[in-house]
Each structure stands twice: as C-alpha cells, then as structure tokens.
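Participant: Residue numbers (the numbering used here): 59 to 342.
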C-alpha cells in the first residue's frame, strides 16, 4: 500500500517539476469551468482592443465611461494600461482582451491624498499612480489575472524614482475587490461618504494606498506611539510645573503671614532652614 502511494506521489511530483521547467504542459492550474487551459500573456492595450474594451467596461461596471476615456486608453494619452490576453484560442481571436488595468500619473501635491503622504514639499515633481479601472472577464476569473495586473502597476510605479504611492477607490459593497487589495498589501486609509452617484443613489468608497520608493503615511505606527508618549510626557511636565508653582506661591504666602505675626525666627538661619520649617504651612 505504501509503495503504491509513493509511486503515485512521485509520478505527480515529477510531472509538476517538468511543468515548472516548461517541459511538460499537462499540469493545469486553471479555472475548472474553462474547457481548456488558457495561455495568459500581458501587454499594453492597443487601438485594436477598443471595441472589446468598451464592451467589458459596460458589462463589469455600473458607471458609464465617455468615449474619450477609451480613446485615451487605447492611444496612451495620459493613461498607462496593461491587457491580459489569451493566446491559446484557435478561433482567430488568439489575442483578444480578457482583462485590463488602466492608470494615470498625477502630481502628489495636486492629489486628494496629499495629506496621507509624508513627502517633501520642496520637491514638487513627486508623483503618484492612480488606478482608474481594473477588470477581468467573468469566465477567466480566479486565475490570478487581476493580481498579475496589479503587480504590473506596482512594478511600473516603483520604476519611477519620483513616484511615492499607488492608490485607488473601491465602492463599499465590492467585497471581492476589497479583499484582493488587502491581499496585495494595499492599506485602506479612508472611507469617503457618498463618493459615487449611480442611478440616482449614493454609495461610499474606500480609499486604498500602496506605498513605493520610500513613500509612507505622514504618521507611521511607531511615530504615532512616539508622538503620543511625547505628548503625555509634556503634559505631565506641565502639570507638575503648575503644581510646583502653586506650592511656591503658598510657601511665600505663609512666609509673609509668618513675618506679620512676629514669629521668633533667628535672622541667622539660612534660607534653606526657613523653607524647611515653613513647608508645613505653619511657622514653628
């Protein structure tokens, strides 16, 4: 029994190693709903993708985008993009779009998350990458395509020396997208009330940020703890300072009363001795 299990295991393990080396393509790690194993490749979105790009946006998103947006995407006008395509099709559409991500470079000082960045105001050329849209055709989901597209954006942003972060908005009810970005180490930094208006109804949005090239929030957890401790220390110093000042005032007041009542204190006594005798608020 043990030998049969061992032989079966070694056979599968050998096939998997060959698959990783590109020798054997019989191991399929794909969506079981697909009739075949796709060959996914990534490239920039091209003018030939215009029609399918518009169709997928219409199918996936409740928001309607202007034709100008799609023209800018396919022509690369102020927008960078990546397409996921299936090269294994045999119907003449072997390079058809099945997933995409679009993004834009913005100046950090002009962005809506300027207050969430610890950037140097003396360097006005610092930038951010804002993800505009991300989508995958339903039948090709759960293959890691969305994660791969996000990694392309992160890699691109990291290659820009002036870039400090990648950020985006997610509608509050899109739980799969929220979980995906959290898995990709994006930080949910803010909830925006009534950010979206869809069919006359408002929806909240979550703001996610992924810091690159040393970018970070203006207050890291360590800085927050340090600032809190410093604030508490300064507060305690202030309280003790006021208490000490009040004690000194009371001491002077008691000493004045002591003189007025003709207490018999030798003038040869040192100031230290007088202070010690009057700290009980009664002259001896």
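Virtual Cβ for every residue (Gly too), placed ideally from N, Cα, C.
Can you tell which of 226, 155, 121 has the C-alpha that lies nearest to the C-alpha of residue 164?
Facilitator: Checked all of 226, 155, 121; the closest Cα to residue 164 is 226.
Participant: Got a sec? Which residues, its chain only, sit under 6 Å from residue 248 by beta carbon, not counting five neighbours each side?
Facilitator: The answer, listed in chain order, is 265.
Participant: Can you check which of these residues, 160, 172, 169, is closest to residue 133 by C-alpha distance?
Facilitator: Cα-wise, what sits closest to residue 133 is 160.
Participant: What does the alpha-carbon distance come out to for the pair residue 217 and residue 211?
Facilitator: Looking at the two C-alpha atoms, the distance is approximately 10 Å.
Participant: How big is the Cα-Cα spacing for residue 235 and residue 243?
Facilitator: So the two alpha carbons sit approximately 13 Å from each other.
Participant: Can you name the residues that DSSP bridges to residue 101?
Facilitator: According to DSSP, which records beta bridges pairwise, residue 101 is partnered with 141.
Participant: What residues match up with residue 265 in a beta bridge as DSSP calls it?
Facilitator: BP columns for residue 265 point to 227, 248.
Participant: With DSSP as the reference, label residue 187 as helix, strand or coil.
Facilitator: Here residue 187 sits in strand by DSSP.
Participant: Could you check how far apart the C-beta atoms of residue 173 and residue 98 are, in whole angstroms? I think they sit under 8 Å.
Facilitator: About 38 Å; that fails the 8 Å criterion.
Participant: Counting contacts by CB-CB distance shorter than 8 Å, is residue 270 in contact with chain D?
Facilitator: The structure shown contains no chain D; it holds only a single protein chain.
Participant: Taking the straight line between their C-alpha atoms, what separation do you get for residue 124 and residue 188?
Facilitator: In a straight line, the C-alpha of residue 124 is about 18 Å away from that of residue 188.
Participant: Indicate whether residue 137 and residue 162 have their beta-carbon atoms separated by less than 8 Å.
Facilitator: Yes. Within cutoff.
Participant: If we ignore side chains and look at the alpha-carbon of each, how far apart do residue 117 and residue 209 end up?
Facilitator: Distance between the alpha carbons of residue 117 and residue 209 is about 24 Å.
Participant: Using beta-carbon positions only, say whether residue 223 and residue 270 come within less than 8 Å of one another.
Facilitator: Taking 8 Å as the Cβ cut-off, residue 223 and residue 270 qualify as a contacting pair.
Participant: Between which residues of its own chain and residue 241 is the CB-CB distance below 8 Å, once the five residues before and five after are set aside?
Facilitator: Counting only Cβ-Cβ distances below 8 Å, and skipping sequence neighbours, we find 205.
Participant: Since residue 162 sits in a beta bridge, which residues does DSSP pair it with?
Facilitator: Beta-bridge pairing links residue 162 to 188.
Participant: Any idea if residue 267 is buried or exposed, counting beta-carbon neighbours within 10 angstroms, 16 or more meaning buried?
Facilitator: The residue is buried, with at least 16 neighbouring Cβ atoms inside 10 Å.
Participant: Does DSSP classify residue 108 as helix, strand or coil?
Facilitator: If DSSP states are grouped into helix, strand and coil, residue 108 belongs with the helices.
Participant: Just reading off the alpha helix (DSSP H) that residue 236 is part of, what are its end residues?
Facilitator: Residues 233-241.
Participant: How many Å lie between residue 257 and residue 231 at the Cα?
Facilitator: Straight-line Cα distance between these residues: approximately 15 Å.
Participant: Tell me whether residue 255 sits in a helix, a strand or coil according to DSSP, three-state version.
Facilitator: In the structure shown, residue 255 sits in a strand (DSSP, three-state: E or B).
Participant: For the candidate residues 229, 273, 198, 183, whose alpha-carbon lies nearest to that of residue 96?
Facilitator: Checked all of 229, 273, 198, 183; the closest Cα to residue 96 is 198.
Participant: Could you pull the DSSP bridge partners for residue 194 from this structure?
Facilitator: Answer is 157.
Participant: In whole angstroms, what separates the C-alpha of residue 245 from that of residue 130?
Facilitator: Computed Cα separation, rounded: 29 Å.
Participant: Can you tell me which of the three DSSP states residue 291 falls into?
Facilitator: Residue state, collapsed to three classes: helix.
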